[in-house]
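A.B. asks: Residue numbers (this note's numbering): 75 to 239.
We treat Cβ as the ideally placed atom computed from N, Cα and C, and that holds for glycine.
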């Protein structure tokens, strides 16, 4: 069950998050119209793992960028004027281009995967006021904890408390 509290001040939302975490409620999410460092600290903001997707893509792209011309030159050798078959400076251009391409594609796919996009079903109780001037705290809990979560959000100064039905 999901319960949403709407707040008009960030301090009240911060109190609600801290109280919910102290109460041991399973999952607490916060929504804010602008970055709020207090909420970030309470929620435990973490470093985005998208950069790992980008790194893996870049490494694969670099590997593919060197492997493709090396395979092509060894499979179909074209000896011209006694020049070496494996000309690394010429391969660097292809490797660089594929490094950037694969890194960008993997980074975008990692972002979409971690963001849960496309959203085929609604995942949280949203409110358009969260984009304007209000703050929200959503608690996901069991039916047994629902009454305590509702009262916790209301006691923290919520202007509205609602549940998903």
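Since residue 181 sits in a beta bridge, which residues does DSSP pair it with?
C.D. replies: For the purposes of this step, residue 181 is taken as residue 107 along the chain shown, with counting starting at 1. Looking at the DSSP assignment, residue 181 forms no beta bridge with any residue, so it has no partner.
A.B. asks: Going by alpha carbons, who is nearest to residue 172 out of 223, 130, 85 and 114?
C.D. replies: Taking the first residue of the chain shown as 1, we reach residue 172 at position 98. Closest option to residue 172, Cα to Cα, is 130.
A.B. asks: Can you tell me whether residue 118 is helix, strand or coil according to DSSP?
C.D. replies: For this step, residue 118 is matched to residue 44 along the chain shown. Reduced to three states, the DSSP call for residue 118 is coil.
A.B. asks: Could you check if residue 77 is buried or exposed, using at least 16 other CB atoms within 10 Å of its CB as the buried criterion?
C.D. replies: By one-based count along the chain shown, residue 77 stands at place 3. Answer is buried; the Cβ neighbour count reaches 16.
A.B. asks: Within 10 angstroms of its Cβ, does residue 106 collect 16 or more other Cβ (buried), or is it exposed?
C.D. replies: Here residue 106 is taken as the residue at index 32 of the chain shown, counted from 1. That one is buried.
A.B. asks: Count the C-beta pairs between the stretch 85 to 101 and the stretch 208 to 221 that are closer than 8 Å, then say yes if the count reaches three, no if not.
C.D. replies: Yes, the stretch 85 to 101 touches the stretch 208 to 221.
A.B. asks: Starting from residue 101 and walking both ways along the beta strand (DSSP E), at which residues does that stretch end?
C.D. replies: Locating residue 101 in the chain shown gives position 27, where the first residue counts as 1. 101 to 105 is the span of the beta strand (DSSP E), which, as asked, contains residue 101.
A.B. asks: Kindly indicate the opening and closing residues of the alpha helix (DSSP H) around residue 127.
C.D. replies: Counted from its first residue, the chain shown places residue 127 at position 53. Note, residue 127: alpha helix (DSSP H), 124 to 149.
A.B. asks: To the nearest whole angstrom, what separates the beta carbons of residue 79 and residue 210, a pair I think is in contact under 8 Å?
C.D. replies: For the purposes of this step, residue 79 is identified with residue 5 of the chain shown, where counting begins at 1. For the purposes of this step, residue 210 is identified with residue 136 of the chain shown, where counting begins at 1. Their Cβ separation, rounded to whole angstroms, is 7 Å, which keeps residue 79 and residue 210 in contact under 8 Å.
A.B. asks: Is there at least one Cβ from chain C nearer than 8 Å to residue 94's Cβ?
C.D. replies: Protein chain content of the structure displayed is limited to a single chain, and chain C is not contained in it.
A.B. asks: Measure the C-alpha to C-alpha separation of residue 91 and residue 145 and round it to an integer number of angstroms.
C.D. replies: Walking along the chain shown from the start, residue 91 turns up at place 17. Walking along the chain shown from the start, residue 145 turns up at place 71. Each residue's alpha carbon lies about 57 Å from the other.
A.B. asks: What span of residues does the beta strand (DSSP E) with residue 199 cover, start to end?
C.D. replies: One-based indexing of the chain shown puts residue 199 at position 125. First-last for residue 199: undefined, no H or E at that position.
A.B. asks: What does a CB cutoff of less than 7 Å around residue 112 pick up in its chain, not counting 5 residues either side in sequence?
C.D. replies: Translated into positions along the chain shown, residue 112 becomes position 38. These residues qualify, in order along the chain: 84 and 88.
A.B. asks: For residue 209, does the three-state DSSP call read helix, strand or coil?
C.D. replies: Looking up residue 209 in the chain shown gives position 135. In this structure, residue 209 counts as strand in the three-state DSSP scheme.
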